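A.B. asks:
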Amino acid sequence: MVRLGPTAICRALGARYPVFGFSHSPDVIVALAEAGGFGVLGLAREMPDDIAQIIARVEKRLAGKPYGIDLMLPAGVPQHADIGNVRAALPSAHIEFVAALRERFALAAPTRPSFFTTQVRSEALFNAQIEAVLASKACAVATAIGIRPELIARAKAVGKYTISLVGSPRHAQKALALGVDALVAQGADAGGHTGPIGTFSLVPQIVAVAAGRPVLAAGGIGTGAQVAASLAMGAQGAWLGTLWLAAKENHTPPALLQRLIEANSDDTLVTRAHSGKPCRVVRSAWIDAWQASDAPAPLPMPQQQALTGGDFSAMHEYDCADLIYEAAGQSVFAIDAPTTVAAQMATLIAEANEALAALEAAMAD
Ligand SMILES: Cc1cc2nc3c(=O)[nH]c(=O)nc-3n(C[C@H](O)[C@H](O)[C@H](O)COP(=O)(O)O)c2cc1C
């Protein structure tokens with residue numbers, strides 16, 4: 001009987017199961033490694049001065065277990081950017097709209113400095129992030145939205161496995177031409193920045209373009225049967241993001257966790273209101289206000305984040321029940337209670353094995 005076990009990419013990266021987890025939480029990454037999955041730590045939201053320390057701490061706790069790092073490197077951002085200058089140039093209609101929202105929702109300013117209140121994405125920021133990742137012990141480097149030829153070349157030169165998140169066959173071809181080792185076919189169902197092609201349609205197209213190079217399926221995956229289905233479509237594993245928000249290791253604010261537990265797939269939508277680029281999030285009163293007919297069109301990246309990043313930080317700091325939102329995929333249907341990464345991994349593996357057995361039985365009948 002076929003059972004869930006390591007595929008070629010798992011053997012290359014030292015994972016026991018073809019379950020790849022993206023998370024901004026070092027605790028999730030450590031728990032995934034302990035449970036036999038492969039954790040990829042997102043650093044796109046970290047303050048530049050904190051990154052080296054975050055990496056050092058996670059590596060100490062992993063004690064040699066493999067992990068990856070993910071960077072989000074969109075093209076078209078300024079060379080250098082100071083959040084004060086970007087804020088000073090924001091259109092007054094947008095400033096007034098957001099001021100009215102703060103008043104309507106009684107949303108106070110955040111007290112803690114964060115990436116969203118102090119940084120704007122720029123080439124200078126990305127270069128600092130890239131140097132930190134190259135100096136790390138991470139065995140894999142993943143990049144999303146944009147792809148940087150020099151990062152791929154330098155990462156490969158120091159023996160790191162390179163992974164690129166792609167949302168279309170055209171993106172995949174570009175990444176493959178740069179020599180990336182593996183692709184994540186991330187469909188529109190995914191939480192976070194996403195393109196228009198659904199996961200079920202995207203994965204076979206990327207598998208075809210990849211011509212033997214490993215592909216991971218991402219977007220909307222929250223059950224073990226979907227992990228098995230990913231393998232059936234020719235992927236070498238599944239890459240999940242939203243599911244881990246329910247794990248205690250993610251330290252999700254209680255009101256957000258409750259929203260995710262109550263949300264169904266159709267409570268997520270793609271909006272530019274979070275970052276300026278299309279991003280799937282779970283709805284809240286804040287997101288709905290940006291969908292309303294009186295709302296201005298969100299500004300491009302990085303202006304939209306300079307406009308509303310403080311509000312995003314504030315709703316997380318104060319755990320605002322009505323307003324709090326986060327990037328989340330249609331996979332939110334699979335979140336129904338607070339849990340742990342170990343329990344989630346055990347469930348995914350058991351469900352995948354059940355699905356494989358059911359398939360075998362169905363074919364034998
Ligand atoms: C809260 C959250 C933040 C994310 N941030 C990033 C990011 O910084 N970089 C990235 O490559 N992907 C990011 N993603 C997307 C994930 O890598 C992954 O492709 C996606 O979560 C898969 O779909 P799912 O959410 O339905 O599991 C994020 C996803 C979530 C839920």
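Take the sequence shown: its position 261, counted from the start at 1, is 261 in full-length UniProt numbering, and no numbers get skipped. All C-beta atoms, glycine included, are put in the ideal place defined by N, C-alpha and C. In this text the structure is predicted, and so the values were computed from the model without any measurement.
(1) Who are H316's beta bridge partners in DSSP?
(2) Is any heavy atom in ligand 1 found nearer than 7 Å to the beta carbon of W286?
(3) Among G21, P91, E351, which has the Cα closest to the Cα of A246?
(4) Which residues bound the beta strand (DSSP E) around residue 369?
(5) Is E150 near ligand 1, judged by its Cβ being under 7 Å from some heavy atom?
(6) For L257, which three-state DSSP category applies?
(7) Which residues does DSSP pair with C279 in a beta bridge?
(8) Quick check: V209 and Q173, are their CB atoms within less than 8 Å of each other?
(9) Looking only at C-alpha atoms, which of C279, R45, R16 sits nearest to S25?
(10) Going by Cα to Cα distance, which pick from L71, S168, E96 is closest to N127?
(11) Nearest-angstrom Cα distance between M1 and E354?
(12) For D70, write down the residues that DSSP places opposite it in a beta bridge.
(13) Quick one: what's got a C-beta closer than 8 Å to D82's C-beta in the same chain, skipping five residues either side?
(14) How far does the alpha helix (DSSP H) with T117 in it reach, from first residue to last?
(15) Between L4 and V28, what straight-line distance do the alpha-carbon atoms span, to the nearest angstrom?
(16) Assuming the contact rule is C-beta atoms closer than 8 Å, A188 and P196 should be a hit. Round their C-beta distance to whole Å, please.
(17) In terms of residues, what are the limits of the beta strand (DSSP E) holding S164?
(18) Using the beta-carbon count (16 or more within 10 Å), is E326 buried or exposed?
(19) Suppose contacts are defined by Cβ-Cβ distances below 8 Å. Is A142 in contact with L165 by that definition?
(20) Pick out whichever of E150, E262, E317, P300 has its Cα sitting closest to the Cα of V332.
(21) Mind checking which residues open and close the beta strand (DSSP E) that includes Q186?
(22) Would you identify the three-state DSSP class for T339, choosing helix, strand or coil?
(23) Using the DSSP secondary-structure output, state which residues sit across from V215 in a beta bridge.
(24) Use the C-beta contact count for K60: other C-beta atoms within 10 angstroms, 16 or more gives buried, fewer gives exposed.
(25) Between Q186 and R87, what straight-line distance do the alpha-carbon atoms span, to the nearest angstrom?
(26) Between the C-alpha atoms of G198 and G219, what's the straight-line distance to the nearest angstrom?
(27) Would the beta-carbon of A211 fall within 8 Å of that of V227?
(28) Can you tell me whether T111 is buried or exposed? The criterion is at least 16 other CB atoms within 10 Å of its CB, across all chains shown.
(29) Hey, out of D336, L323, A350, whose CA is closest to R104's CA?
(30) Classify A352 as helix, strand or coil using the three-state DSSP reduction.
(31) Considering only residues of the same chain and omitting the five flanking positions on each side of A285, which have a CB-CB separation below 8 Å?
C.D. replies: In short, the structure shows the following:
(1) Looking at the DSSP assignment, H316 forms no beta bridge with any residue, so it has no partner.
(2) Result no, Cβ not under 7 Å from ligand 1.
(3) The option with the nearest alpha carbon to A246 is G21.
(4) Residue 369 lies beyond the stretch modelled for the chain, which goes from 1 to 365, so this question has no answer here.
(5) Not so, every heavy atom of ligand 1 lies at least 7 Å from the Cβ.
(6) Reduced to three states, the DSSP call for L257 is helix.
(7) Partner(s): H193, T271.
(8) For V209 and Q173, yes; Cβs fall inside 8 Å.
(9) In terms of CA proximity to S25, R45 leads the group C279, R45, R16.
(10) It is L71 whose Cα lies nearest to the Cα of N127.
(11) Taking the straight line from one Cα to the other gives about 11 Å.
(12) G42, A142.
(13) Non-local beta-carbon contacts of D82 in its own chain, meaning distances under 8 Å to residues more than five positions away in sequence, involve V120 in chain order.
(14) Where T117 is concerned, the enclosing alpha helix (DSSP H) stretches over 115-118.
(15) Straight-line Cα distance between these residues: approximately 21 Å.
(16) Contact between A188 and P196 holds: CB atoms are separated by about 5 Å, below the 8 Å threshold.
(17) Start and end: 161-166.
(18) Classification of E326: buried, given that the 10 Å Cβ count is 16 or more.
(19) Going by C-beta atoms, A142 is nearer than 8 Å to L165.
(20) Nearest in C-alpha terms to V332, of all of E150, E262, E317, P300, is E262.
(21) 182-186 is the span of the beta strand (DSSP E), which, as asked, contains Q186.
(22) The three-state reading of DSSP puts T339 in strand, counting E and B together.
(23) V215 pairs with L183.
(24) Taking a 10 Å sphere around the C-beta of K60, we find fewer than 16 other C-beta atoms and assign the residue as exposed.
(25) C-alpha separation (whole angstroms): 32 Å.
(26) Cα-Cα distance, rounded: 8 Å.
(27) If you check the CB distance, A211 and V227 do not come in under 8 Å.
(28) Exposed, since its Cβ has fewer than 16 Cβ neighbours within 10 Å.
(29) Selection D336, L323, A350 evaluated against R104 yields L323 as nearest (Cα-Cα).
(30) DSSP places A352 in the helix class (H, G or I) of the three-state scheme.
(31) Contacts found: F105, D322, L323.
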